[in-house]
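Participant: Got a structure for you, questions after.
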Amino acid sequence: MGPLDGVRVVELGVWVAGPGAGGILADWGADVVKIEPPAGDPARSFASMLGGDLPFNPPFELDNRGKRSVVIDLGTDEGRELAFRLLDGADVFVTNVRLAGLARAGLDHESVARRCPRLVYAAITGYGLDGPERDRAAYDIGAFWARSGIAALLTSPGGTPPFQRGGMGDHTVAMSMAAGVCAALTARTRTGEGQLVSTSLLRQGLYTIGFDVNTTLRFGVSIGVATRETMGNPVINSYRDRDGRWFWLIGLEGERHWPDLCRAVGRTEWLEDERFASPRGRRKNARELCALLDEVFATRT
């Protein structure tokens with residue numbers, strides 16, 4: 004049993020974000036029924052899409068764990084009525100189908116809420132429920148990774164943008180949506196009514212880099228993109244050991260962690276070195292300090 008034992012979820016999800024949210028709710032004990040079209044969730048074709056011929060589909064299996072599936076043709080009156088019969092007995096509807104597609108099937112929020120007023124309607128979009136891009140197709144590498152600015156902030160000056168690993172934005176959105184569903188279910192215990200819960204890939208991406216966004220809004224300038232040699236605090240940085248393996252130092256509180264680092268690497272003289280004795284000095288001489296730490300760690304495992 005889990006915290007959502009007894010909660011019934013209908014998922015109309017494709018690819019990753021919607022199914023990811025459904026998978027988390029299933030982990031927590033919900034009974035999740037996944038509606039698929041006659042051709043199946045397109046995520047079932049991950050392996051063949053990449054040119055493979057595998058008997059397993061790890062991405063699809065990950066996000067669809069713990070569910071039951073039913074094939075329904077929402078292009079027919081019979082199929083749409085069957086979907087509504089499932090919703091009649093459900094507590095939650097999770098979907099990341101584009102808004103126009105939901106409207107064509109009669110499964111837009113307004114239509115569903117009229118028939119199922121206690122239902123929590125959880126909608127994931129690429130760019131939000133309103134505005135000119137409300138019905139634009141979206142993948143996380145576009146809406147979450149590129150449009151939000153994450154890729155730009157992770158690109159070294161003069162370098163090429165790093166490629167996002169599969170599903171990073173989708174899974175972040177899935178976690179947020181699962182939390183939103185739980186909040187709406189809690190509210191329903193007080194009000195007796197369901198509600199619309201929504202998030203988007205773009206919104207999640209902007210929140211992910213919220214420190215940068217809010218700093219820009221407050222000061223009117225963008226935070227520069229640093230390299231590891233120009234990081235303001237070299238005690239939070241990546242270094243490579245003698246075996247060629249990269250690791251991270253995590254000395255967020257410079258004044259607190261700096262003495263411990265100097266002792267650990269056998270360079271206590273740096274504590275009195277004017278170049279490095281203060282946070283301001285370490286920032287000003289970051290490139291030099293980074294090079295010195297590179298020399299130290301290159302001798303160690």
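For the sequence shown, my numbering gives the first residue as 4, with consecutive numbering after it.
In this text, a Cβ means the ideal position worked out from N, Cα and C, and glycines have one as well.
Small disclaimer: the values here were computed from a predicted structure and weren't measured.
(1) Using 7 Å as the threshold, is the C-beta distance between Y242 and F279 below it?
(2) Could you please give me the residues that DSSP links to A154 through a beta bridge?
(3) Buried or exposed: I127, going by 16 or more other Cβ atoms within 10 Å of its Cβ?
(4) Within 10 angstroms of its Cβ, does N67 collect 16 or more other Cβ (buried), or is it exposed?
(5) Mind checking A93: buried by the 16 CB within 10 Å criterion, or exposed?
(6) Quick check: the Cα distance between L28 and G208, rounded to an integer number of angstroms?
(7) For my contact list, Y124 and L204 are in at a C-beta cut-off of 8 Å; report their separation, rounded to the angstrom.
(8) Name the DSSP beta bridge partners of F96, please?
(9) Quick one: what's got a C-beta closer than 7 Å to L89's C-beta in the same chain, skipping five residues either side?
(10) Just verifying my parser: in three-state terms, what is the DSSP assignment at S201?
(11) Could you say which of G254, V95 and G213 lies nearest to N9 if we only look at CA atoms?
(12) Cβ atoms of G25 and M4: under 7 Å apart, would you say?
(13) For the segment 170-180 against the segment 125-145, do three or more pairs of beta-carbon atoms, one drawn from each stretch, fall closer than 8 Å, so that the two count as touching?
(14) Which word fits V17, buried or exposed, when buried means at least 16 other C-beta atoms lie within 10 angstroms of its C-beta?
(15) When DSSP builds the beta bridges, which residues end up paired with R243?
(16) On the premise that R285 lies in contact with M236, defined as a C-beta separation below 8 Å, what is that separation, rounded to the nearest angstrom?
(17) Exposed or buried, Y210, counting other C-beta atoms within 10 Å across all chains shown (16 or more means buried)?
(18) Taking V268 and L252 to be in contact with their CB atoms under 8 Å, please state how far apart those CB atoms are, rounded to whole angstroms.
(19) If you scan the segment 60-107 from start to end, which runs of the alpha helix (DSSP H) of 4 or more residues do you find wholly inside it?
(20) Could you give the DSSP three-state label for V35: helix, strand or coil?
(21) For E113, count neighbouring C-beta atoms within 10 Å of its own C-beta (all shown protein chains included) and say buried if the count is 16 or more, exposed if not.
(22) Would you kindly work out how many angstroms separate the C-alpha atoms of A106 and R83, rounded to a whole number?
(23) Alpha carbon to alpha carbon, how far is R303 from D244? Give it in angstroms, no decimals.
(24) Could you compute how far the alpha carbon of G129 sits from the alpha carbon of L274?
(25) Over the uninterrupted alpha helix (DSSP H) stretch that includes V115, give me the two end residues.
(26) In the DSSP assignment, the alpha helix (DSSP H) including P262 goes from what residue to what residue?
(27) DSSP on A146, reduced to helix/strand/coil?
(28) For R283 and R150, what's the separation of their Cα atoms in angstroms?
(29) Where does E196 land, buried or exposed, given buried means 16+ other C-beta within 10 angstroms?
Facilitator: The answer reads as follows:
(1) Along the sequence shown, read from residue 1 onward, the residue named residue 242 stands at position 239. Along the sequence shown, read from residue 1 onward, the residue named residue 279 stands at position 276. Not closer than 7 Å, so no.
(2) Walking along the sequence shown from the start, residue 154 turns up at place 151. Answer is none; A154 lacks a bridge partner.
(3) The sequence position of residue 127 within the sequence shown is 124, counting from 1. Flag for I127 reads buried.
(4) Residue 67 sits at position 64 when you count from the first residue of the sequence shown. By the C-beta density criterion, N67 is buried, having at least 16 other C-beta atoms within 10 angstroms.
(5) Counted from its first residue, the sequence shown places residue 93 at position 90. A93 counts as buried, since at least 16 other C-beta atoms from the protein chains shown sit within 10 angstroms of its C-beta.
(6) The residue given as residue 28 occupies position 25 in the sequence shown. The residue given as residue 208 occupies position 205 in the sequence shown. One C-alpha to the other measures close to 22 Å.
(7) Counted from its first residue, the sequence shown places residue 124 at position 121. Counted from its first residue, the sequence shown places residue 204 at position 201. That pair is no contact at about 18 Å.
(8) In the sequence shown, the residue the question calls residue 96 occupies position 93. Answer is V13 and Y124, bridged to F96.
(9) The residue given as residue 89 occupies position 86 in the sequence shown. Result list for L89: V13 and V36, in chain order.
(10) Start at 1 with the first residue of the sequence shown, and residue 201 comes out as number 198. Residue state, collapsed to three classes: strand.
(11) To locate residue 9, count along the sequence shown from 1; it is residue 6. Here residue 9 turns out to be Gly, not Asn, going by the sequence shown. Here the closest residue by C-alpha is V95.
(12) What you label residue 4 is simply residue 1 of the sequence shown in a count that begins at 1. What you label residue 25 is simply residue 22 of the sequence shown in a count that begins at 1. The answer is no: Cβ separation not under 7 Å.
(13) yes
(14) Along the sequence shown, one-based indexing puts residue 17 at 14. So V17 ends up on the buried side.
(15) Residue mapping note: residue 243 aligns to position 240 of the sequence shown, counting from 1. DSSP, once it has assigned bridges, lists W249 as partnering R243.
(16) To locate residue 236, count along the sequence shown from 1; it is residue 233. To locate residue 285, count along the sequence shown from 1; it is residue 282. The sequence given here has Asn at residue 236, not Met. Going by Cβ atoms, the distance from N236 to R285 rounds to 7 Å, so yes, they are a contact pair.
(17) Sequence index remark: in the sequence shown, residue 210 carries index 207 (1-based). Sixteen is the threshold: since fewer than 16 other Cβ atoms of the shown chains lie within 10 Å of the Cβ of Y210, the residue is exposed.
(18) Translated into positions along the sequence shown, residue 268 becomes position 265. Translated into positions along the sequence shown, residue 252 becomes position 249. So it is not a contact: roughly 10 Å between Cβ atoms.
(19) 61-66, 80-91 and 102-107
(20) Counting from 1 along the sequence shown, the entry for residue 35 is found at position 32. The answer is strand: DSSP assigns V35 an E or B state.
(21) Looking up residue 113 in the sequence shown gives position 110. It is exposed - the Cβ of E113 has fewer than 16 other Cβ atoms within 10 Å.
(22) Mapped onto the sequence shown, residue 106 falls at position 103. Mapped onto the sequence shown, residue 83 falls at position 80. When rounded, the distance between both Cα atoms is 11 Å.
(23) As a first step, residue 244 must be located in the sequence shown, where it is residue number 241. As a first step, residue 303 must be located in the sequence shown, where it is residue number 300. Cα to Cα, D244 sits roughly 6 Å from R303.
(24) Taking the sequence shown and counting its residues from 1, the one referred to as residue 129 is at position 126. Taking the sequence shown and counting its residues from 1, the one referred to as residue 274 is at position 271. Cα to Cα, G129 sits roughly 50 Å from L274.
(25) In the sequence shown, counting from the first residue as 1, residue 115 sits at position 112. Taken as a continuous stretch (DSSP letters only), the alpha helix (DSSP H) holding V115 covers H112 to R118.
(26) Position 259 of the sequence shown, counted from the first residue, corresponds to residue 262. First-last of the alpha helix (DSSP H) with P262: G257 to A267.
(27) Taking the sequence shown and counting its residues from 1, the one referred to as residue 146 is at position 143. Helix at A146.
(28) Translated into positions along the sequence shown, residue 283 becomes position 280. Translated into positions along the sequence shown, residue 150 becomes position 147. Going from the Cα of R283 to the Cα of R150 covers about 34 Å.
(29) The residue given as residue 196 occupies position 193 in the sequence shown. Its Cβ having fewer than 16 others within 10 Å, E196 is exposed.
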